[in-house]
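For the sequence shown, the residue numbers in this note's numbering are 1483 to 1794.
Notes follow the structure.
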Amino acid sequence: MPSPDISPRPVLPLPPAATSVRRGIVVMVLSVLAFTVNSLLLKYLGEGEHRLSPDMPLLFRAAVGIVIVLVFFRGRRPTLIRPVFRDRSLVLRGFTGLLGTAAYYWTVPTLGAGKATLICNTYVIFASIIAMLTLGEKLTAKRFFWLAAAFAGIVLLVGPRAAGENFTVGWSEILALFGAIMAAWSVVLVRQLSLEYSIGTIYLAQCVWILVPIACLAAPDLAGLSVSELALLLLAAVAAGGGQLAMNEGYRCLTVTTGATIQMLWPVSTTLGGWLLFSERFGPLQWAGAILILASVWRISVAGRRVRKLPA
């Protein structure tokens, strides 16, 4: 899943230049493609001849993410290492990121790439609720409507089976929703931490606190990986990290509406890829739920970022 390291800073919305818009569209589309590649690789590695435990791609994602943020990431504020281990809020942000990302990685093989990604994207909805409770954000009539629509969509997506009958909620669905709530908590923490730390420092905290516990689980199995599995794991990790950086750059260059609209292509393209490559199927009620979720997430995202801009 993409890390929700998009911290708001109130600014006057200025129309971006044409060259900046073109650049933003290109990198945002590349971000969507990268996230899609990562999601589909998680599905592929988790089933069939490979059947790798989800902790292995999670380990590679954390390790590659650390390299990316320390070597390639350049922002207006420096990336600090010491606070990642000493600041309690950064440590908490790291562990919420661990739980949210791990839940997504563990549910992609069981739920399917499309369904897991759709549930993952509901973190926007839960973050909106948490922000209202903890940060004092107002509950407008429009926001209430889209929150209600989103929860109706979650029920329709999670409850019925592909045949469109027998509402049941399994362990994987519960885990996926828990991951979305953890990701939402991360968003709220990022909003608070961004006043003091750079995006690089906050993202480093997530990667470090994913790596530390996951290494204990995955390290003993590293020696048994084949060359092809190593290559696919590295590709998935680079896609996840590169997609995150591209998304950040895209939001810097584009208007909020354009950026959020393009990002909505990620669950759509992942669902399409799951259908084409892994024969994943949705029933009529699940399709209705997916559409409600996408529409609600888009509306809430646009409203929440209309006067915000990423800090570099």
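Positions of the beta carbon are idealized from the N, C-alpha and C atoms, including for glycine.
Quantities reported herein were computed from a predicted structural model and do not represent experimental measurements.
Pick out whichever of the options has its Cα sitting closest to the Cα of residue i.
| i | options | result |
| --- | --- | --- |
| Arg-1568 | Met-1664, Val-1690, Leu-1712, Gly-1755 | Val-1690 |
| Ser-1535 | Glu-1711, Arg-1570, Gln-1688, Ser-1610 | Glu-1711 |
| Leu-1540 | Cys-1698, Thr-1739, Thr-1561 | Cys-1698 |
| Ser-1571 | Arg-1673, Ile-1550, Glu-1731, Thr-1589 | Arg-1673 |
| Ala-1696 | Val-1549, Phe-1577, Ile-1563 | The sequence given here has Ile at residue 1696, not Ala. Selected option, being the one with the closest Cα: Phe-1577. |
| Leu-1767 | Ala-1634, Ala-1658, Trp-1757 | Ala-1634 |
| Met-1664 | Gly-1528, Arg-1575, Leu-1747 | Arg-1575 |
| Ala-1701 | Asn-1730, Glu-1529, Met-1538 | Met-1538 |
| Ala-1785 | Arg-1625, Ile-1548, Leu-1527, Tyr-1526 | Arg-1625 |
| Ala-1722 | Ile-1548, Arg-1781, Val-1503 | Ile-1548 |
| Val-1503 | Ser-1654, Thr-1592, Glu-1531, Thr-1740 | Thr-1740 |
| Ile-1656 | Ala-1705, Ala-1713, Thr-1592, Val-1694 | Thr-1592 |
| Arg-1533 | Leu-1758, Leu-1621, Asp-1703, Ala-1623 | Asp-1703 |
| Asn-1730 | Glu-1531, Glu-1529, Phe-1555 | Phe-1555 |
Short of 6 Å in beta carbon distance, which residues of its chain neighbour residue i, apart from the five on each side in sequence? Order them along the chain.
| i | result |
| --- | --- |
| Asn-1603 | Pro-1749, Val-1779 |
| Ala-1666 | Tyr-1605, Phe-1608, Ala-1609, Ile-1612 |
| Leu-1522 | Ala-1595, Gly-1755 |
| Thr-1752 | Thr-1518, Ser-1521, Ala-1595, Gly-1596, Thr-1599 |
| Gly-1506 | Gly-1732, Cys-1735, Leu-1736 |
| Ala-1772 | Leu-1600, Leu-1639 |
| Ser-1489 | Reliability fails at Ser-1489, whose pLDDT of 42 lies under 50, so the model's placement of it is uncertain and the value that follows must be treated cautiously. So the qualifying residues of the chain are Val-1672, Arg-1673, Ser-1676. |
| Ser-1654 | Thr-1589, Thr-1592, Leu-1593 |
| Glu-1529 | Pro-1591 |
So, at 7 Å on beta carbons, what are the nonlocal neighbours of residue i in its own chain, with the 5 sequence-adjacent residues on each side left out?
| i | result |
| --- | --- |
| Glu-1619 | Ala-1613 |
| Leu-1562 | Tyr-1679, Thr-1683 |
| Val-1720 | Val-1546 |
| Arg-1781 | Trp-1628 |
| Ser-1668 | Pro-1486, Arg-1575, Thr-1578, Gly-1579, Gly-1582 |
| Leu-1621 | Met-1614 |
| Leu-1560 | In the sequence under discussion, the amino acid at residue 1560 is Pro, which differs from the Leu named in the question. Correct list, in chain order: Ser-1680. |
For residue i, is the classification buried or exposed, using 16 other Cβ atoms within 10 angstroms of its Cβ as the cut-off for buried?
| i | result |
| --- | --- |
| Val-1566 | buried |
| Val-1493 | The pLDDT assigned to Val-1493 is 42, lower than 50, so where the model puts this residue is not dependable; a value taken from the coordinates is nonetheless given after this. Under this definition Val-1493 is an exposed residue. |
| Thr-1589 | buried |
| Ala-1545 | buried |
| Arg-1543 | buried |
| Leu-1675 | buried |
| Trp-1628 | buried |
| Thr-1501 | exposed |
Below 8 Å on the Cβ atoms is my contact criterion, and I expect residue i with residue j to pass it. Report the Cβ-Cβ distance as a whole number of Å.
| i | j | result |
| --- | --- | --- |
| Ala-1662 | Tyr-1587 | Actually they do not touch by this definition, with Cβ atoms about 13 Å apart. |
| Leu-1822 | Leu-1638 | Because the chain is modelled from 1483 through 1794, residue 1822 falls outside the range shown and cannot be assessed. |
| Gly-1579 | Gln-1745 | The pair is not a contact, with the Cβ atoms about 19 Å apart (cut-off 8 Å). |
| Ala-1728 | Val-1509 | 5 Å |
| Ile-1681 | Gly-1582 | Not really, about 17 Å apart at Cβ, beyond 8 Å. |
| Val-1651 | Ile-1601 | About 11 Å separates the two Cβ atoms, so there is no contact after all. |
| Leu-1686 | Val-1553 | The Cβ separation is near 12 Å, so there is no contact. |
| Phe-1764 | Lys-1525 | Actually they are not in contact, since the Cβ atoms of Phe-1764 and Lys-1525 sit about 15 Å apart, beyond 8 Å. |
| Ala-1742 | Ser-1783 | 4 Å |
| Gly-1725 | Ala-1584 | Contact flag wrong, Cβ pair sits at about 18 Å. |
| Leu-1693 | Leu-1527 | Not quite, the Cβ-Cβ distance comes to about 18 Å (not below 8 Å), so this is no contact. |
| Val-1514 | Leu-1747 | 5 Å |
Skipping 5 residues on each side, what residues in its chain have a beta carbon closer than 8 Å to that of residue i?
| i | result |
| --- | --- |
| Ala-1631 | Leu-1774, Ala-1777, Ser-1778 |
| Val-1670 | Ala-1609, Ile-1612, Ala-1613, Thr-1616, Leu-1617 |
| Leu-1659 | Ile-1601, Thr-1604, Ile-1636, Val-1640 |
| Trp-1757 | Gly-1596, Arg-1763 |
Compute every distance between the C-beta of residue i and the non-hydrogen atoms of the ligand MG, then say whether any falls below 7 Å.
| i | result |
| --- | --- |
| Gly-1741 | Among the components modelled here there is no ligand, and therefore nothing to report on the ligand MG. |
Legend entry - Contiguous alpha helix (DSSP H) assignments of at least 4 residues, all confined to the segment 1581 to 1619: Counting only runs of 4 or more, we get 1595 to 1602, 1605 to 1616.
Legend entry - In chain order, each alpha helix (DSSP H) run of at least 4 residues that lies wholly inside the segment 1731 to 1791: The DSSP assignment places 1738 to 1745, 1747 to 1760, 1766 to 1787 as complete runs of the alpha helix (DSSP H) inside the segment 1731 to 1791, in order along the chain (cut-off: 4 residues).
Legend entry - Length at least 4, wholly inside the segment 1502 to 1582: the alpha helix (DSSP H) runs in chain order: Runs of the alpha helix (DSSP H) inside the segment 1502 to 1582: 1537 to 1549, 1564 to 1568.
Inset, instruction - Starting from the N-terminal side, write out each stretch of the alpha helix (DSSP H) that is 4 residues or longer and does not extend beyond the segment 1655 to 1701. - result: Runs found: 1681 to 1700.
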